[in-house]
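**Student:** Top line first, the protein sequences correspond to chains A and B. Position 103 (the first sequence) corresponds to 103 in the working numbering; numbering is contiguous. Position 9 (the second sequence) corresponds to 9 in the working numbering; numbering is contiguous. Glycine residues also receive a C-beta, built at the ideal position from the N, C-alpha and C atoms. Since we're looking at a predicted model, the values are computed, not measured. Below is one structure. I have some questions about it.
There are 2 protein chains.
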Amino acid sequence: MSHDHEKIVKATLKNMPDMDTIFDLADFFKVFSDSTRIRIMCALFEQELSVCCIAESLNMEQSTISHQLRILRRENLVKVRKDGKQSYYSLADDHIKLIFEMGLEHITE
Amino acid sequence: MSHDHEKIVKATLKNMPDMDTIFDLADFFKVFSDSTRIRIMCALFEQELSVCCIAESLNMEQSTISHQLRILRRENLVKVRKDGKQSYYSLADDHIKLIFEMGLEHITE
DNA sequence: TGAACATATGAACACTTATTCATATTACAT
DNA sequence: ATGTAATATGAATAAGTGTTCATATGTTCA
Chain A
1 MSHDHEKIVK ATLKNMPDMD TIFDLADFFK VFSDSTRIRI MCALFEQELS
51 VCCIAESLNM EQSTISHQLR ILRRENLVKV RKDGKQSYYS LADDHIKLIF
101 EMGLEHITE
Chain B
1 MSHDHEKIVK ATLKNMPDMD TIFDLADFFK VFSDSTRIRI MCALFEQELS
51 VCCIAESLNM EQSTISHQLR ILRRENLVKV RKDGKQSYYS LADDHIKLIF
101 EMGLEHITE
């Protein structure tokens, strides 16, 4: 080896987040890594929506949407408001749009 | 149904990005959805690093790191500088730290 | 040239994940 | 009560992904 490993390893680990944080981060970004979930979140930028409206808008099965909404709920990215038979979903985090925009900025460079 | 679907669907689709963009976004965030890749990027916040230094720092196999670096390269998140036998990797996008911080902000709320 | 080292890569495997189908649950209307 | 509609969920399946092992490629030095 042509460079001082030990020193470099130490410096590298100095500001490394702990594993719990790393896993949480990975789980968080995992939510954004699926096209269906992205489309759902984009749909919710406009207004709160019922499950069937989301399904109809994206032209996908209701079951698929429900499953994905569950994941979005689990990661606290959407919230539900129940009204009669319907469940109305809306975004739970103001940063979501910003996060999308950062992604867009990268891919359109 | 208790609300006007057609109108809502139209409004929802109005500002929806096209599918190409959606897929690109998903692919971009997919890179951030793995703990090993996150750790690699965190390591590179400090300084450029050779493959073996990364492997040693994260206590993982060289092959694993190489495979993940390929993915990071493919999505233009790291760049390589070859010097003799070694390949030195560094971050290719200034926004990466910001993206991490947004993720952290969400998970620590 | 040959040995040693750093990195890259293909194949195999175990594991995860998204979607679909079928069905359960809940709310409402008659 | 019964039927209908909206949503949620479990099981099954197909596709995707990360790691490992083995090996190839490329570089340096003796």
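Any C-beta of chain A sitting closer than 8 Å to the C-beta of residue 16 of chain B?
**Tutor:** Nearest CB-CB separation between residue 16 of chain B and chain A: below the 8 Å threshold.
**Student:** Over the uninterrupted beta strand (DSSP E) stretch that includes residue 86 of chain B, give me the two end residues.
**Tutor:** That run of the beta strand (DSSP E) goes 86-91.
**Student:** Runs of 4 residues minimum, wholly inside the stretch 35-68 of chain A: which ones carry the alpha helix (DSSP H) assignment?
**Tutor:** 35-46, 51-58
**Student:** Output the boundary residues of the beta strand (DSSP E) element that contains residue 83 of chain B.
**Tutor:** Run containing residue 83 of chain B: 78-83, per the beta strand (DSSP E) assignment.
**Student:** Taking the alpha carbon of residue 57 of chain A as the point to measure from, which residue in A:70, A:67, A:43, A:68 has its own alpha carbon closest?
**Tutor:** A:43
**Student:** For the alpha helix (DSSP H) that contains residue 94 of chain B, what are its first and last residues?
**Tutor:** Residue 94 of chain B -> no alpha helix (DSSP H), and no H or E assigned at all.
**Student:** Please list, in chain order, all residues of the same chain as residue 81 of chain B whose beta carbon is under 6 Å from its beta carbon, the five residues on each side excluded.
**Tutor:** Once the five neighbours on either side are set aside, the close Cβ partners of residue 81 of chain B are 88.
**Student:** State yes or no: is the C-beta of residue 107 of chain A within less than 8 Å of the C-beta of residue 38 of chain B?
**Tutor:** no
**Student:** Counting along the chain, where does the alpha helix (DSSP H) carrying residue 23 of chain A start and finish?
**Tutor:** 19-31
**Student:** For residue 33 of chain B and chain A, any beta-carbon pair shorter than 8 Å?
**Tutor:** yes
**Student:** Check whether the stretch 27-38 of chain B and the stretch 17-33 of chain A touch, using three or more Cβ-Cβ pairs below 8 Å as the test.
**Tutor:** yes
**Student:** Where does residue 135 of chain A sit, in a helix, a strand or coil, going by DSSP?
**Tutor:** Outside the displayed range of chain A (1 to 109) lies residue 135 of chain A, so it cannot be described from this structure.
**Student:** Who are the neighbours of residue 49 of chain B on chain A, taking C-beta pairs under 9 Å?
**Tutor:** 8, 12
**Student:** Is the separation between the beta-carbon of residue 46 of chain B and that of residue 11 of chain A shorter than 8 Å?
**Tutor:** yes
**Student:** Take residue 75 of chain A as the anchor and find which of B:49, B:8, B:94, B:104 has the nearest alpha-carbon.
**Tutor:** B:104
**Student:** Does the beta-carbon distance from residue 95 of chain A to residue 102 of chain B come in below 8 Å?
**Tutor:** yes
**Student:** Quick one: which chain A residues come within Cβ less than 7 Å of residue 57 of chain B?
**Tutor:** 9, 12, 13
**Student:** Quick one: using the 10 Å Cβ neighbour count with 16 as the cut-off for buried, is residue 62 of chain B buried or exposed?
**Tutor:** exposed
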